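S.K.:
Numbering (the UniProt record's numbering), first residue to last: 1 to 82.
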């Protein structure tokens, strides 16, 4: 096992723990955006279905929303690495 030490040794009686796990706030910071991305994805594809199959016309707003969704998906998938 690799022993990890900090830049400065810990005070006497303190055992350093560099991987304590996630606390409740960190879980919220991961799960809330992930759930919101899922909801946005469902709504986005419902909009695309509605505009493509029912209305049969796409507007500039649909393209802008598509670009925004792709950017959000890419940034969200990169920021959820723990």
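Note that beta-carbon positions come from the ideal geometry of N, C-alpha and C, so glycine has one too.
In this text, all values refer to a predicted model and were calculated from it rather than measured experimentally.
Using 8 Å as the Cβ pair cut-off and three pairs as the minimum, do the region 68-78 and the region 21-37 touch?
M.R.: yes
S.K.: Look up residue 77 in the DSSP assignment and say whether it is helix, strand or coil.
M.R.: helix
S.K.: Assuming contact is defined by CB atoms lying nearer than 7 Å, are residue 62 and residue 71 in contact in what I supplied?
M.R.: Their beta carbons are not under 7 Å apart, which means residue 62 does not touch residue 71 by this criterion.
S.K.: Just curious, the alpha helix (DSSP H) that residue 27 is in, first and last residue?
M.R.: Residue 27: member of the alpha helix (DSSP H) spanning 24-49, first to last residue.
S.K.: Can you tell me whether residue 71 is helix, strand or coil according to DSSP?
M.R.: helix
S.K.: Grab me the residues of residue 58's own chain with a C-beta within less than 6 Å of its C-beta, minus the 5 sequence neighbours each way, in chain order.
M.R.: 51
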